[in-house]
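What follows is a set of notes on a single structure, which appears directly below.
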């Protein structure tokens with residue numbers, strides 16, 4: 003491939019220094035001249051909100067996103083013996099190459115307001131179509147590091163226009179229940195809840211139940227600057243897409259996450275508003 007001028011973002015739960023360095027190096031090798039950004043996440047919940055924010059950051063311009071969140075334990079092991087399959091979906095000007103299991107695509111589907119249908123490329127069936135030596139094919143098919151050995155090659159082949167046979171179509175993206183999806187460096191907590199879903203209104207308070215028993219009664223403010231010192235409150239944050247921006251739980255001058263004792267992955271049950 004000649005110099006590739008579109009931005010590439012890699013979102014992955016493989017996020018230690020050794021792994022991120024190897025992933026960026028591999029992607030850069032297959033996309034010479036590209037600007038590769040890496041976003042490390044802990045799970046599919048965090049991947050979901052970061053995917054929305056990266057797509058939003060591209061502002062409709064061409065770009066590539068690679069996403070890999072592929073647990074192989076528990077239910078995932080029963081469902082996918084060697085990990086979730088990978089697929090490709092074209093979202094306007096963005097090419098998304100992604101694992102299909104879990105909640106990673108849920109928020110993007112929510113804010114776009116339409117189903118996401120992914121073309122799946124099963125590794126053993128797709129690798130022989132990539133013009134690789136038998137030795138390399140064998141390594142990729144049996145690798146434990148599929149996000150390194152397979153996903154960048156799949157993305158490069160498709161972006162170069164290579165015709166690869168689609169194994170199946172995946173359209174079963176699940177809905178995500180209300181929860182906290184990300185805690186930033188200040189302790190602000192990004193939720194997946196839209197303002198209209200909780201009746202957000204400046205001057206009103208929303209009551210949440212978390213962890214099955216704790217309740218928080220949080221006031222609504224227009225912006226962070228309006229929240230009084232040390233108060234924990236709700237605002238409409240920057241995360242989201244177009245007119246759909248998610249509610250955040252923030253504390254003026256402190257960490258909302260530490261003060262409330264909750265963080266990423268915490269379910270939010272909306273009890274009511276007053």
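In my numbering, the protein residues as written are 3 to 276.
In this text, a Cβ means the ideal position worked out from N, Cα and C, and glycines have one as well.
Predicted model, so just to flag it, every value in this text is computed and none were measured.
Item, Value
"Where residue 72 falls: helix, strand or coil (DSSP)", "coil"
"Rounded C-alpha distance that separates residue 257 from residue 181", "18 Å"
"Residue 215 versus 179, 129, 271 and 229, residue with shortest Cα-Cα distance", "271"
"Completely contained beta strand (DSSP E) runs for the segment 12–72, where each covers 3 or more residues", "38–42 and 65–70"
"When 112, 175, 227 and 39 are compared against residue 54, the one with the closest alpha-carbon", "112"
"Boundaries (first-last residue) of the beta strand (DSSP E) holding residue 240", "234–243"
"Test item: CB-CB of residue 243 and residue 226 under 7 Å", "no"
"Residue of 90, 14 and 189 minimising C-alpha distance to residue 124", "90"
"Pick from 127, 43 and 8 that is closest to residue 97, judged by C-alpha positions", "8"
"According to DSSP, residues forming a beta bridge with residue 147", "Paired residue(s): none; residue 147 is not in a bridge."
"Contact set for residue 75: own chain, Cβ-Cβ below 6 Å, skip 5 residues either direction", "Note that residue 75 scores a pLDDT of 46, beneath 50, so its modelled location is shaky; the value from the coordinates is reported in the next line. So the list is empty, once near-sequence residues are dropped."
"Cβ contact check for the segment 32–49 and the segment 14–22: 3 or more pairs under 8 Å", "yes"
"Proximity winner among 48, 61 and 56, relative to residue 266 (alpha-carbon distances)", "48"
"Distance between beta carbons of residue 10 and residue 33, contact taken as under 8 Å", "6 Å"
"Residue of 30, 229, 137 and 87 minimising C-alpha distance to residue 190", "229"
"Three or more C-beta pairs below 8 Å linking the segment 166–181 and the segment 128–146", "yes"
"Cβ-heavy atom distance, residue 222 to the ligand SAH, below 6 Å", "In the structure on display, the ligand SAH does not appear, and there are no ligands present to speak of."
"Beta-carbon separation (whole angstroms), residue 206 vs residue 275, contact threshold 8 Å", "5 Å"
"Cutoff 6 Å; reference residue 142; Cβ partners in own chain excluding five residues on either side", "129, 151 and 152"
"Cβ-Cβ distance between residue 94 and residue 71 below 7 Å", "no"
"Residue 246 - partner residues in DSSP beta bridges", "243"
"Residue of 213, 247 and 102 minimising C-alpha distance to residue 199", "247"
"Paired residues, beta bridge with residue 253 - DSSP", "234"
"In DSSP terms, what residue 275 is bridged to", "208"
"As assigned by DSSP and simplified to three states, the class of residue 195", "coil"
"Under 7 Å between C-beta atoms of residue 250 and residue 239", "yes"
"CA nearest to the CA of residue 178, picked from 195, 185 and 149", "195"
"Residues of its chain near residue 110, where Cβ-Cβ distance is below 6 Å and the 5 sequence neighbours each way are ignored", "53 and 54"
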